[in-house]
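Visitor: Shown below is the structure under consideration.
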Amino acid sequence: MKSWLAVKPWLAAGVVGSAIATSTLNQVINPFTASAWARGTYVILAAALASVAARPLLKRSPITALPLRSQCRWAIASLAIGAVLRLVIPVCPAAWSTRHRLEVVATGERNEAAKATEVWTYGIFDDEGNCLVPPTTLERRGDWSLRGETIVSHGQQPAGLRWEGVLTRDLSLRLLSHPWSGVVEVAWDGRQRRLDLYADSDGIRSVRLPVRRSLSIPDRILLEACTVASLAFSVLVLGAWLVHRRGATVRPAASTWAWAGFAAPCLAVWALYLLVLWPGAMTSDTFDQWAQIITGHYSDWHCFTHTAFLWLVTRPAMSPALGVVVQIVALASVVGWVLARFRHWGMPAPMCWALAAAFALVPGNSLVVVLWKDVPHAIAVVALSMLLLEVVSSGGERLAQTRSLVALGSVAVLVALLRSNAPLAAFGTLALLVVVYPRHWRKLAATLALAVAAWAGLRQGLYPALGVTPAEPKLPWWYVHHIAAHVHARTLLSDEEHTLLVGMAPDIDGELAYTPYHIDATVFDGHFRTAVLRESEPLRKLWWALLERRPMVDLGHSLEASRFVWQVRQPHEMRLNTLPLGPDPEGHVTAIWGADALDRLLSVEDRHRVTPPSTSPKIPVLVAPVSGWLIASGEPRWSWLFWGAPLFLYLAIAGALVCAVRTRTWAYLLVVAPSLLTALGLLVFAVSSEFRFVAPIFMVGMLFGPFLLLIPARADSTL
Numbered sequence: 043m044k045s046w047l048a049v050k051p052w053l054a055a056g057v058v059g060s061a062i063a064t065s066t067l068n069q070v071i072n073p074f075t076a077s078a079w080a081r082g083t084y085v086i087l088a089a090a091l092a093s094v095a096a097r098p099l100l101k102r103s104p105i106t107a108l109p110l111r112s113q114c115r116w117a118i119a120s121l122a123i124g125a126v127l128r129l130v131i132p133v134c135p136a137a138w139s140t141r142h143r144l145e146v147v148a149t150g151e152r153n154e155a156a157k158a159t160e161v162w163t164y165g166i167f168d169d170e171g172n173c174l175v176p177p178t179t180l181e182r183r184g185d186w187s188l189r190g191e192t193i194v195s196h197g198q199q200p201a202g203l204r205w206e207g208v209l210t211r212d213l214s215l216r217l218l219s220h221p222w223s224g225v226v227e228v229a230w231d232g233r234q235r236r237l238d239l240y241a242d243s244d245g246i247r248s249v250r251l252p253v254r255r256s257l258s259i260p261d262r263i264l265l266e267a268c269t270v271a272s273l274a275f276s277v278l279v280l281g282a283w284l285v286h287r288r289g290a291t292v293r294p295a296a297s298t299w300a301w302a303g304f305a306a307p308c309l310a311v312w313a314l315y316l317l318v319l320w321p322g323a324m325t326s327d328t329f330d331q332w333a334q335i336i337t338g339h340y341s342d343w344h345c346f347t348h349t350a351f352l353w354l355v356t357r358p359a360m361s362p363a364l365g366v367v368v369q370i371v372a373l374a375s376v377v378g379w380v381l382a383r384f385r386h387w388g389m390p391a392p393m394c395w396a397l398a399a400a401f402a403l404v405p406g407n408s409l410v411v412v413l414w415k416d417v418p419h420a421i422a423v424v425a426l427s428m429l430l431l432e433v434v435s436s437g438g439e440r441l442a443q444t445r446s447l448v449a450l451g452s453v454a455v456l457v458a459l460l461r462s463n464a465p466l467a468a469f470g471t472l473a474l475l476v477v478v479y480p481r482h483w484r485k486l487a488a489t490l491a492l493a494v495a496a497w498a499g500l501r502q503g504l505y506p507a508l509g510v511t512p513a514e515p516k517l518p519w520w521y522v523h524h525i526a527a528h529v530h531a532r533t534l535l536s537d538e539e540h541t542l543l544v545g546m547a548p549d550i551d552g553e554l555a556y557t558p559y560h561i562d563a564t565v566f567d568g569h570f571r572t573a574v575l576r577e578s579e580p581l582r583k584l585w586w587a588l589l590e591r592r593p594m595v596d597l598g599h600s601l602e603a604s605r606f607v608w609q610v611r612q613p614h615e616m617r618l619n620t621l622p623l624g625p626d627p628e629g630h631v632t633a634i635w636g637a638d639a640l641d642r643l644l645s646v647e648d649r650h651r652v653t654p655p656s657t658s659p660k661i662p663v664l665v666a667p668v669s670g671w672l673i674a675s676g677e678p679r680w681s682w683l684f685w686g687a688p689l690f691l692y693l694a695i696a697g698a699l700v701c702a703v704r705t706r707t708w709a710y711l712l713v714v715a716p717s718l719l720t721a722l723g724l725l726v727f728a729v730s731s732e733f734r735f736v737a738p739i740f741m742v743g744m745l746f747g748p749f750l751l752l753i754p755a756r757a758d759s760t761l
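The number in my numbering is simply the position in the sequence shown, starting from 1, with 42 added.
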């Protein structure tokens with residue numbers, strides 16, 4: 043028996059080590075080029091090293107002191123979480139995912155008979171002629187121009203395009219071949235070809251992109267099982283340590299002005315961003331609101347609450363800088379308040395300052411310099427999450443205070459008023475409070491009822507009385523996106539349905555353009571296709587008929603369209619929209635786009651008396667490094683970290699779960715309720731992969747995740 047007990051830790055460590063070695067095999071060694079001897083040697087050595095490292099972790103884990111039943115629960119939970127992580131990170135072994143890399147270089151060279159060195163790219167197509175990777179999703183390096191639905195290199199060369207992603211079948215890259223075409227180099231998985239695209243007449247040159255052969259089904263199953271087991275081991279060890287650590291103790295109340303100190307890093311960094319991008323960032327959405335302020339004709343399309351805010355802050359002068367300053371001060375103050383409370387609850391001062399600095403410096407929070415309603419909405423969600431943490435930390439006692447209920451209700455109303463899809467998060471959170479704290483159900487129910495009444499009264503009563511035009515329904519956008527997915531998937535259509543589609547887009551015979559990540563491909567081609575966004579009822583009926591016919595198309599579309607919400611490492615072709623920042627036609631960095639909307643929205647007289655804002659840096663020497671840093675951080679290889687809400691959503695969820703188990707207070711899950719409900723709304727109704735939609739999830743996860751994971755003290759009872 044003693045010998046068996048001595049062997050068991052090594053046996054468990056060996057299983058874990060072998061799983062880790064096998065799951066990492068295809069990440070570091072190409073199984074299609076490496077010899078069997080090299081692969082076998084790697085697995086044996088890696089398994090031995092991983093086993094030696096895993097044994098002390100398993101032996102010293104707090105789990106070993108628990109009863110067998112509790113150990114089994116931990117193991118099952120860890121495996122379940124490991125399986126989820128496998129999907130959302132995703133930890134894709136190279137041989138399983140068959141990832142490929144395409145590089146296209148316009149060399150600047152040409153045939154003697156060619157008139158120029160142009161390289162036109164149409165995208166990547168399947169054998170049926172469907173464009174699976176539009177050229178606009180390719181990563182551009184150098185001078186490329188957008189021409190309709192193609193991109194062209196005709197100026198400064200060489201210039202490159204890059205794409206990396208997963209393919210399951212052979213595809214083709216399509217290039218234009220004509221008298222002005224030059225020489226192009228195409229590299230597919232490292233195999234390079236040099237092509238002369240010159241031709242006497244216009245034509246299409248197709249370059250075959252073959253997929254690699256993949257592993258057998260048994261090998262795939264083994265690889266997936268090892269990957270999940272490796273992740274589960276990490277979850278088990280780290281989760282057990284976090285749950286069983288003692289946590290911190292509450293400290294005496296900090297200085298009244300402690301919040302100001304913690305707000306200072308944010309104020310400093312964001313003020314620098316504003317000075318570099320003076321007078322702030324704007325888009326066509328903001329200029330729509332700008333025109334409403336100038337003309338006095340208001341609409342609720344962009345949420346009148348935010349337009350009213352812009353009207354108020356621009357009374358001294360029609361400058362976006364005033365609104366940006368208010369946003370910076372508001373978000374920095376909320377961050378300072380949150381960190382001051384964390385310090386009171388036991389977070390070490392160095393950790394508070396590190397979190398303040400990280401929150402200030404991370405590129406995602408530079409969104410604060412953009413005049414979008416999404417910024418005050420994110421601030422309100424952070425404040426609501428903090429109010430919930432105050433309630434939970436007090437054991438619900440704060441709900442006995444009228445001022446706490448007023449604060450909860452007021453902030454929830456503000457959240458609901460700042461985005462059309464926000465009532466779910468705002469009022470859903472208040473409803474959950476009623477369930478979690480039944481002892482205070484009367485007061486909470488009254489707070490919820492008053493909050494809903496205030497929101498509805500403002501939207502349906504006061505705003506129309508002030509002459510605000512109600513917003514058009516936004517569901518047609520969602521219907522159109524799903525319908526375009528069916529058109530792309532070649533779902534069979536009746537004659538009546540095809541006629542409806544032709545009426546929506548007569549110039550392209552109803553063949554709606556489609557990408558799951560951005561609806562602009564469907565409704566915008568230099569101008570909005572107003573015929574596409576027709577009355578809601580015909581679109582609803584068409585969508586419903588197509589859903590009944592092929593429901594898997596809708597499910598697949600929803601999963602793809604919402605990847606920016608749930609998948610940490612997103613597809614290379616998705617390209618998350620971050621800041622409106624980039625070079626203008628003259629090559630100068632600008633953060634103000636869409637001013638031409640004023641030409642459409644204002645009368646001639648109004649246009650003559652209004653000067654649209656333009657980017658005028660106060661610190662020109664910093665424009666290149668700051669804008670370069672912010673733009674580079676949005677590239678797919680980095681955006682998952684610097685702009686990726688899923689990473690911080692899972693950090694917040696993990697923190698809430700660990701904190702709930704460690705403190706034996708499941709109410710801590712309420713802290714992430716606004717973020718989860720926001721994510722739920724986007725999972726269902728996502729139409730565009732834009733960071734501003736998930737900014738509140740990003741901010742809440744970054745602030746609250748570390749605190750919940752590490753700080754609240756452990757309950758006295760045995761876990």
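Beta carbons are placed, not taken as given, at the ideal position from N, Cα and C, and that holds for glycine.
#1: Leaving out five residues before and five after residue 180 in sequence, what residues of the same chain have Cβ atoms less than 6 Å from its Cβ?
#2: Does DSSP put residue 555 in a helix, in a strand, or in coil?
#3: Given residue 48, which residues of its chain have a CB within under 8 Å of its CB, disregarding the five upstream and five downstream residues?
#4: Starting from the C-beta of residue 490, find all residues in its chain whose C-beta is less than 7 Å away, skip the five residues before and the five after it, and write them out in chain order.
#5: The beta strand (DSSP E) that contains residue 163, what's its start and end?
#6: Ordered along the chain, which non-local residues of its own chain (more than five positions away) have a Cβ less than 6 Å from that of residue 558?
#7: Closer than 6 Å by C-beta to residue 732: which residues in its own chain qualify, once you throw out the five before and the five after it? Chain order, please.
#8: Of all Cβ atoms in chain C, is any one closer than 8 Å to the Cβ of residue 700?
#9: Distance check for residue 695 and residue 284, CA to CA, integer angstroms please.
#10: Got a sec? Which residues, its chain only, sit under 7 Å from residue 401 by beta carbon, not counting five neighbours each side?
#11: Run through DSSP, which three-state label would residue 513 get?
#12: Kindly indicate which residue of 422, 481, 342 and 544 has the alpha-carbon position closest to the one of residue 516.
#13: Are the beta-carbon atoms of residue 230 and residue 344 separated by less than 8 Å?
#14: Looking only at its chain, what residues have a beta carbon closer than 7 Å to the beta carbon of residue 655, apart from the 5 residues adjacent to it on each side?
#15: Among all the DSSP beta bridges, which residues are the ones paired with residue 193?
#16: Using 8 Å as the threshold, is the C-beta distance between residue 610 and residue 685 below it?
#17: Within its chain, find whatever has a CB closer than 7 Å to the CB of residue 637; leave out the 5 residues flanking it on each side and keep chain order.
#18: Does the Cβ-Cβ distance between residue 465 and residue 497 come in under 8 Å?
#19: Take every Cβ of the region 666–682, pair it with every Cβ of the region 620–634, and state whether three or more of those distances are shorter than 8 Å.
#20: Could you tell me the alpha carbon to alpha carbon distance between residue 398 and residue 451, rounded to whole angstroms?
#21: Can you list, in chain order, the residues of its chain with a C-beta nearer than 6 Å to that of residue 127? Leave out the 5 residues immediately preceding and following it.
#22: According to DSSP, simplified to helix, strand and coil, what is residue 624?
#23: Could you tell me the alpha carbon to alpha carbon distance between residue 748 and residue 560, rounded to whole angstroms?
#24: Using 8 Å as the Cβ pair cut-off and three pairs as the minimum, do the region 701–718 and the region 427–439 touch?
#25: My output table needs one value for residue 13: the three-state DSSP class, helix, strand or coil.
#26: Can you give me the C-alpha to C-alpha distance between residue 372 and residue 314, rounded to a whole angstrom?
#27: Alpha carbons only, please: which of 740, 752 and 103 is nearest the one belonging to residue 427?
#28: Is the number of C-beta pairs between the region 166–180 and the region 213–230 that are closer than 8 Å three or more?
#29: With distance defined between alpha-carbon atoms, name the residue in 532, 301, 232 and 187 nearest to residue 171.
#30: Do residue 276 and residue 245 come within 8 Å of each other at the CB atom, strictly closer than that value?
#31: Taking 8 Å as the threshold (C-beta atoms), are residue 301 and residue 395 in contact?
#32: Can you find the residues in the same chain that come closer than 6 Å, C-beta to C-beta, to residue 788, ignoring five residues on each side of it along the sequence?
#33: From the DSSP output, which residues share a beta bridge with residue 234?
#34: Give the secondary structure of residue 173 by DSSP, where H, G and I count as helix, E and B as strand, and everything else as coil.
#35: In three-state DSSP terms, what is residue 762?
#36: Rounded to the nearest angstrom, how far is the Cβ of residue 334 from that of residue 356, given a contact under 8 Å?
Guide: Walking through what the data contain:
#1: Closer than 6 Å at the Cβ level, and outside the excluded window around residue 180, lie 203 and 205.
#2: Coil.
#3: With a pLDDT of 44 at residue 48, under the threshold of 50, the modelled position of that residue is not reliable, and the figure given next carries that caveat. Correct list: empty, nothing qualifies.
#4: Within the same chain, residue 490 has close Cβ partners 469, 472, 473 and 476.
#5: Taken as a continuous stretch (DSSP letters only), the beta strand (DSSP E) holding residue 163 covers 161–167.
#6: Cβ neighbours of residue 558 beyond the five flanking positions: 599, 602 and 603.
#7: Same-chain partners within the cutoff: 619.
#8: In the structure shown, chain C does not exist; there is a single protein chain.
#9: About 14 Å.
#10: In its chain, beyond the 5 residues on either side, 308, 377, 407, 744 and 745 have a beta carbon closer than 7 Å to the beta carbon of residue 401.
#11: Here residue 513 sits in coil by DSSP.
#12: For the options 422, 481, 342 and 544, the alpha carbon positioned closest to that of residue 516 is the one of 342.
#13: Result no, Cβ atoms of residue 230 and residue 344 do not sit closer than 8 Å.
#14: So the qualifying residues of the chain are 321, 324, 361, 362 and 634.
#15: 163 and 188.
#16: No.
#17: Excluding residues within five positions, the ones whose Cβ falls inside 7 Å are 329 and 654.
#18: Going by C-beta atoms, residue 465 is nearer than 8 Å to residue 497.
#19: With three or more CB-CB distances shorter than 8 Å, the region 666–682 counts as touching the region 620–634.
#20: A straight-line Cα-Cα distance of about 28 Å links residue 398 and residue 451.
#21: Around residue 127, the same chain offers 273 as residues with beta carbons nearer than 6 Å, after the five sequence neighbours per side are excluded.
#22: DSSP places residue 624 in strand when its eight states are reduced to three.
#23: When rounded, the distance between both Cα atoms is 32 Å.
#24: Using a Cβ-Cβ distance cut-off of 8 Å, the region 701–718 and the region 427–439 are in contact, since at least three pairs of beta carbons, one from each stretch, lie closer than that value.
#25: Residue numbering for the chain in the displayed model covers 43 to 761; residue 13 lies beyond these limits and cannot be assessed.
#26: The straight-line gap from Cα to Cα measures roughly 16 Å.
#27: For the options 740, 752 and 103, the alpha carbon positioned closest to that of residue 427 is the one of 740.
#28: By the criterion of at least three beta-carbon pairs nearer than 8 Å, the region 166–180 is in contact with the region 213–230.
#29: Among 532, 301, 232 and 187, the Cα nearest to that of residue 171 is on 532.
#30: With respect to the 8 Å criterion, residue 245 and residue 276 are not classified as neighbours on the basis of their beta carbons.
#31: Contact: no.
#32: As shown, the chain starts at 43 and ends at 761. That puts residue 788 outside it, with no answer to give.
#33: As DSSP reads the structure, residue 234 sits in a beta bridge with 229.
#34: Three-state DSSP puts residue 173 in a strand.
#35: Summary: the structure shown does not reach residue 762, with the chain confined to residues 43 through 761, and so no result is reported for it.
#36: Between residue 356 and residue 334 the Cβ distance is about 12 Å, and since that is not below 8 Å, they are no contact.
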